[in-house]
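Q:
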Amino acid sequence: MKYTTEILINLPRGRVLELFDSTDNLSMWQPGLKSFTHLEGKPGEVGARSEMIYEGRKGDLVMTETIRTKQLPEQFHMSYKARGVYNEVENWFTEKEPGLTLWRTENYFRFSGIMMLMVPFMKRAFVHNTMLNMDRFKIFAESSENK
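When you line the sequence shown up against this note's numbering, it's residues -12 to 134, in that order.
(1) Can you list, in chain order, the residues of its chain with a C-beta nearer than 8 angstroms to that of residue 122? Leave out the 5 residues immediately preceding and following it.
(2) Out of 69, 84 and 57, point me to the one whose CA is closest to residue 8's CA.
(3) Take the Cβ of residue 128 as the centre, count every other Cβ of all protein chains shown within 10 Å, and call the residue buried at 16 or more, exposed below.
(4) Which residues bound the alpha helix (DSSP H) around residue 44?
(5) What residue from 97, 60 and 19 has the CA that sits closest to residue 67's CA?
(6) Keeping to the same chain, check which residues put their C-beta closer than 6 angstroms to that of residue 147; ignore five residues upstream and five downstream.
(7) Taking 8 angstroms as the threshold, find out whether the segment 72 to 87 comes into contact with the segment 41 to 61 through three or more Cβ pairs.
(8) Tell me the rounded alpha-carbon separation between residue 27 and residue 106.
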């Protein structure tokens, strides 16, 4: 499954990236995040692996994040692995004009087990969840204390 999402953020690209690249900010725009634990590699750099635990409707969702590409200010790509799901997210940041940043994501999913059967029914929910997180980040980033 593949899809693309994008959102405009009313901040300069440098400030958007500063906020996006800080693991301390994750809980500000991902409210279901219970913990973020660095596992290996240099934190925040290519190859770094971390465990993320999210509160789910049917118990905790545990996933491993790996930073795949970090070529700031243009791109920051990660992969996520959880039970039955592998996901790659390519984050692209473009300064459309001074003080206005376009954040675009390319999302790729591979499923295994029972999750494979659910794919035709789940794409809309995955896109919705991605946009919800992007909207939350935009609200967080544009709040007066972050400008």
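Virtual Cβ for every residue (Gly too), placed ideally from N, Cα, C. Predicted, not measured: the structure shown is a model, and the values here were computed from it.
A: With the structure as the only source:
(1) So the qualifying residues of the chain are -6.
(2) Restricting attention to 69, 84 and 57, the CA atom closest to the CA of residue 8 is found in 57.
(3) buried
(4) It is not in any alpha helix (DSSP H) - residue 44 carries neither H nor E in the DSSP assignment.
(5) Among 97, 60 and 19, the Cα nearest to that of residue 67 belongs to 97.
(6) Outside the displayed span of the chain (-12 to 134) sits residue 147, for which this structure offers no information.
(7) yes
(8) 31 angstroms
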